[in-house]
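Asker:
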Amino acid sequence: MEFPAALTNAIQQLAAGYPMAQLKSAAQELSRRYRQETGQGKVLLSEDLQAAAYALARMPATFGAVAAALGYALEATGFEAKTLLDAGAGTGAACWAADALLPLQRVICLEREGAMRRLGQELMCEGSETLQGAEWQTADLTAAAPLPKAELVVASYVLGELSPAARSAALQKLWEAAEGMLLIIEPGTPAAFAQIELARQILVGQGAHIAAPCPHEQPCRLSGQDWCHFACRVPRSRLHKQLKGGEAPYEDEKFSYLALARFEVCHNKSRILRHPQVAKGQIGLMLCGAQENKSVLVKKKDGALFKAARKAKCGDTIEV
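In the numbering used here, the protein residues as written are 28 to 347.
#1: How many angstroms separate the CA atom of Leu270 from the CA atom of Gln309?
#2: Can you find the residues in the same chain that come closer than 8 Å, C-beta to C-beta, to Tyr277, ignoring five residues on each side of it along the sequence?
#3: Under three-state DSSP, which class holds Trp254?
#4: Based on DSSP bridge pairs, tell me the residues matched to Ser183.
#5: Just how far apart, CA to CA, sit Gly68 and Leu168?
#6: If you follow the beta strand (DSSP E) that Thr157 is in, where does it begin and where does it stop?
#7: Tell me the rounded alpha-carbon separation between Asp75 and Met143.
#8: Just the Cα atoms here: how many angstroms apart are Gly160 and Ala182?
#9: Give me the DSSP bridge partner(s) of Arg337.
#10: Skipping 5 residues on each side, what residues in its chain have a beta carbon closer than 7 Å to that of Arg301?
#11: Spell out the partners DSSP gives Glu162 in its beta bridges.
#12: On the premise that Leu210 lies in contact with Leu97, defined as a C-beta separation below 8 Å, what is that separation, rounded to the nearest angstrom?
#13: What are the boundary residues of the alpha helix (DSSP H) that Tyr81 is part of?
#14: Can you check which of these residues, Glu149, Leu137, Ser190, is closest to Pro173 by C-alpha distance?
#15: Out of Asp279, Leu287, Ala221, Lys307, state which residue places its alpha-carbon closest to the alpha-carbon of Ala92.
#16: Ordered along the chain, which non-local residues of its own chain (more than five positions away) have a Cβ less than 6 Å from that of Leu198?
#17: On the CB-based measure, 16 or more other CB atoms within 10 Å of its CB, does Glu188 come out buried or exposed?
#18: Label Gly141 either buried or exposed according to how many other C-beta atoms from any shown protein chain fall within 10 Å of its C-beta, with 16 as the threshold for buried.
#19: Please classify Val323: does DSSP put it in a helix, a strand, or coil?
#20: What did DSSP end up calling Pro303 once you bin it into helix, strand or coil?
#21: Nearest to His107 by CA position, among Ala177, Arg85, Gly119, Leu41, is which residue?
#22: Quick test of your reading: Ala219 and Ser322, contact by CB under 8 Å. State the CB separation rounded to the nearest angstrom.
#23: Could you tell me whether the segment 231 to 251 touches the segment 289 to 308, using the rule of 3 or more Cβ pairs below 8 Å?
#24: Return yes when the Cβ of Leu146 is within less than 8 Å of the Cβ of Ala78, no when it is not.
#25: So for Met313, helix, strand or coil by DSSP?
#26: Checking 8 Å against the spacing of the C-beta atoms, do Tyr81 and Gly117 come in under that value?
#27: What's the gap between the Cα of Leu201 and the Cα of Val180?
#28: Give the secondary structure of Lys69 by DSSP, where H, G and I count as helix, E and B as strand, and everything else as coil.
#29: With DSSP as the reference, please indicate the residues paired to Thr344 in a beta bridge.
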């Protein structure tokens with residue numbers, strides 16, 4: 028999904044208010060903090076300059092990952108939420124993605140950092156009527172107070188910022204707030220996937236149904252050095268390339284995710300776990316199915332299945 032033009036323009040106007048050298052320095056420092064200090068419950072961002080650098084560096088990738096994960100969840104369920112709670116909203120990228128895919132009428136953004144709230148609210152002034160009317164609240168997932176309820180609750184890149192002791196309680200609060208679906212997105216790393224697995228174990232044990240990516244509710248079959256993750260390709264603007272010091276016109280954001288529903292989900296397709304291996308007249312697929320994970324070789328003689336496999340990418344579903 029294309030990054031919204033209105034949001035691109037708003038971010039470019041934002042960048043014009045700061046020297047590029049300051050933005051690059053702030054972005055590099057934020058990257059270091061998130062690599063080295065995340066998962067300790069620390070405040071990683073508190074200044075307006077840092078929030079601006081975060082928006083420039085991370086909003087496109089976060090938007091892409093949330094749009095991809097939510098798209099898969101909606102495809103599997105046909106779910107149409109009208110209310111959204113973005114828990115740990117940052118500068119609001121997940122809200123923009125959800126607003127592009129759903130007929131939202133009400134959006135609530137929870138964010139503990141004032142700089143992020145201020146900037147997110149400013150950027151949403153350029154969005155739809157629903158985004159312009161979004162309610163921004165100061166909230167911390169580690170606090171005792173319950174969260175506002177919504178049909179769809181999104182927690183993107185949030186669990187990794189919490190201390191291990193706080194994650195289970197935060198997951199419980201997120202699930203209690205979700206009237207229809209909870210969508211969790213984390214980086215596509217083994218450590219982040221472990222957090223996704225924790226959510227799966229806790230919440231499926233309480234009756235949650237898996238909407239995506241898994242076409243089953245059994246324990247995850249991946250083990251050892253393997254973990255479930257996908258990728259979305261994010262175009263990079265000239266400004267984005269300047270900030271990150273690269274020339275590539277795109278970057279691939281790797282992410283893991285889990286969509287949990289309060290209703291039963293009928294799974295009749297398998298999920299493609301790895302990039303299809305394309306050779307002359309045949310395509311190799313690694314699939315997660317309802318009963319097992321398996322490798323399948325689809326050949327040209329398979330007709331419609333071969334055509335579907337030729338268009339498919341890692342993360343898509345296919346009926347085999």
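In this text, a Cβ means the ideal position worked out from N, Cα and C, and glycines have one as well.
Answerer: Taking the structure as given:
#1: Locating residue 270 in the sequence shown gives position 243, where the first residue counts as 1. Locating residue 309 in the sequence shown gives position 282, where the first residue counts as 1. Looking at the two C-alpha atoms, the distance is approximately 41 Å.
#2: Looking up residue 277 in the sequence shown gives position 250. Here the set comprises Arg260, Val261, Pro262, Arg263.
#3: Here the question's residue 254 lines up with position 227 in the sequence shown. Coil, per DSSP.
#4: Taking the first residue of the sequence shown as 1, we reach residue 183 at position 156. Bridge partners of Ser183: Ile212.
#5: Residue mapping note: residue 68 aligns to position 41 of the sequence shown, counting from 1. Residue mapping note: residue 168 aligns to position 141 of the sequence shown, counting from 1. Its pLDDT being 45, under 50, Gly68 is placed unreliably in this model, and the value from its coordinates should be taken loosely. For Gly68 and Leu168, the distance between alpha carbons rounds to 10 Å.
#6: Here residue 157 is taken as the residue at index 130 of the sequence shown, counted from 1. First-last for Thr157: 156 to 159, but that is the alpha helix (DSSP H), not the beta strand (DSSP E).
#7: The sequence position of residue 75 within the sequence shown is 48, counting from 1. The sequence position of residue 143 within the sequence shown is 116, counting from 1. The straight-line gap from Cα to Cα measures roughly 8 Å.
#8: Numbered from 1 along the sequence shown, position 133 holds the residue referred to as residue 160. Numbered from 1 along the sequence shown, position 155 holds the residue referred to as residue 182. Counting only the Cα atoms, Ala182 lies some 20 Å from Gly160.
#9: As a first step, residue 337 must be located in the sequence shown, where it is residue number 310. Paired residues: none, contrary to the question.
#10: What you label residue 301 is simply residue 274 of the sequence shown in a count that begins at 1. Excluding sequence neighbours, Arg301 sits near Met313, Cys341.
#11: Within the sequence shown, residue 162 is the residue found at index 135, counting from 1. Paired residues: Ile135.
#12: Locating residue 97 in the sequence shown gives position 70, counting from the first residue. Locating residue 210 in the sequence shown gives position 183, counting from the first residue. The pair is a contact, with the Cβ atoms about 6 Å apart (cut-off 8 Å).
#13: Counting from 1 along the sequence shown, the entry for residue 81 is found at position 54. Run containing Tyr81: 75 to 104, per the alpha helix (DSSP H) assignment.
#14: Working through the sequence shown from its first residue, we reach residue 173 at position 146. Closest by alpha carbon: Leu137.
#15: For the purposes of this step, residue 92 is taken as the residue at position 65 of the sequence shown. Here the closest residue by C-alpha is Asp279.
#16: For the purposes of this step, residue 198 is taken as the residue at position 171 of the sequence shown. Result list for Leu198: Ala226, Ile229, in chain order.
#17: If you number the sequence shown from 1, residue 188 lands on position 161. Classification for Glu188: buried.
#18: Against the sequence shown, residue 141 aligns to sequence position 114. Gly141 is exposed by the Cβ-count criterion.
#19: Taking the sequence shown and counting its residues from 1, one reaches residue 323 at position 296. The answer is strand: DSSP assigns Val323 an E or B state.
#20: Within the sequence shown, the letter at position 276 stands for residue 303. Reduced to three states, the DSSP call for Pro303 is coil.
#21: Translated into positions along the sequence shown, residue 107 becomes position 80. According to the sequence as given, residue 107 is Glu; it is not His. It is Ala177.
#22: Within the sequence shown, residue 219 is the residue found at index 192, counting from 1. Within the sequence shown, residue 322 is the residue found at index 295, counting from 1. Incorrect: roughly 25 Å between the Cβ atoms, too far for contact.
#23: yes
#24: In the sequence shown, residue 78 corresponds to position 51, counting from 1. In the sequence shown, residue 146 corresponds to position 119, counting from 1. Yes. Within cutoff.
#25: Within the sequence shown, the letter at position 286 stands for residue 313. Looking at Met313 - three-state DSSP - the assignment turns out to be strand.
#26: Taking the first residue of the sequence shown as position 1, residue 81 is located at position 54. Taking the first residue of the sequence shown as position 1, residue 117 is located at position 90. With contacts defined as CB atoms closer than 8 Å, Tyr81 and Gly117 qualify as a contacting pair.
#27: Taking the sequence shown and counting its residues from 1, the one referred to as residue 201 is at position 174. Taking the sequence shown and counting its residues from 1, the one referred to as residue 180 is at position 153. Rounded to whole angstroms, Leu201 to Val180 spans 7 Å at the Cα level.
#28: Locating residue 69 in the sequence shown gives position 42, where the first residue counts as 1. Confidence is the limiting factor: at Lys69 the pLDDT is only 45, short of 50, which leaves the residue's position unreliable, though a coordinate-based value still follows. In the structure shown, Lys69 sits in coil (DSSP, three-state: anything other than H, G, I, E or B).
#29: In the sequence shown, the residue the question calls residue 344 occupies position 317. According to DSSP, which records beta bridges pairwise, Thr344 is partnered with Arg298.
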